[in-house]
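Q:
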Amino acid sequence: MMIAEVFAETELEFIHFIPRLRPNAPLRGHTSKVRAYIKGRIEKGVVVDLGLLKKALNEAVGRFNNKLLASGNLAEIDGNTIKISWANYVLILPLEAVVLFDEEPTIELIAMEIAKSLIESLEGCPEVVIEIYESYKLGARVKVKQVGRDVDRKG
């Protein structure tokens with residue numbers, strides 16, 4: 000049995016703020032590199048169809064791309080708009096411009112959401128690793144394994 004790891008890469012542009020860590024900080028914007036690694040057995044010459052991996056990654060990242068990522072406990076939804084308040088800041092935006100998280104949207108949690116989406120999208124994928132570079136030298140790496148599957152054996 001042969002094991003290999005393949006990857007696909009895309010970009011994610013988003014803005015967020017993390018009041019718990021930086022209470023009075025304004026919005027921070029990022030253009031981030033996102034890389035997804037899939038580790039698994041080589042079957043019929045491949046671990047996963049790279050075209051499917053690229054499509055699944057773009058869909059997972061697309062949910063957050065060009066959006067404000069915010070904690071739901073700071074938000075008030077009123078019809079098609081959302082009001083987000085923290086420190087001395089108040090934002091009123093169209094609902095479709097915002098993605099709400101249960102917690103503050105750290106780079107680690109963004110990576111986790113992308114990884115979970117890929118595990119769901121790529122049938123039979125036992126393990127996904129997501130790397131997001133928040134800047135040139137900073138980022139996060141998370142690993143999600145599908146329950147009941149192992150890289151080294153059939154599920």
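Heads up, the sequence shown stops at 154 in numbering that gives the first Met the number 0, and the numbers go up one at a time, no gaps.
Glycine is no exception: its CB is placed at the ideal position from the N, C-alpha and C atoms.
Keep in mind it's a predicted model, so treat the numbers as computed, not measured.
#1: Please work out which residues of its chain come closer than 6 Å, Cβ to Cβ, to ASN23, disregarding the five sequence neighbours upstream and downstream, and give them in chain order.
#2: Measure the alpha-carbon distance for LYS38 versus ILE17 and round it to whole angstroms.
#3: Helix, strand or coil for ALA59 per DSSP?
#4: Judging by CA-CA distance, which residue of LYS53, ILE109, THR105, GLY78 is the nearest neighbour of LEU94?
#5: Beta-carbon separation of LEU117 and VAL128 under 7 Å?
#6: For GLY78, does the three-state DSSP call read helix, strand or coil?
#7: Using DSSP bridges, identify the partner residues of THR30.
#8: Going by beta carbon distance, what residues of the same chain come within less than 7 Å of VAL60, once the five residues before and after it are set aside?
A: Reading off the structure:
#1: ALA86
#2: 32 Å
#3: helix
#4: Comparing Cα-Cα distances from LEU94 to each of LYS53, ILE109, THR105, GLY78, the minimum goes to GLY78.
#5: no
#6: coil
#7: GLU12
#8: Result list for VAL60: THR9, LEU11, VAL33, ILE113, in chain order.
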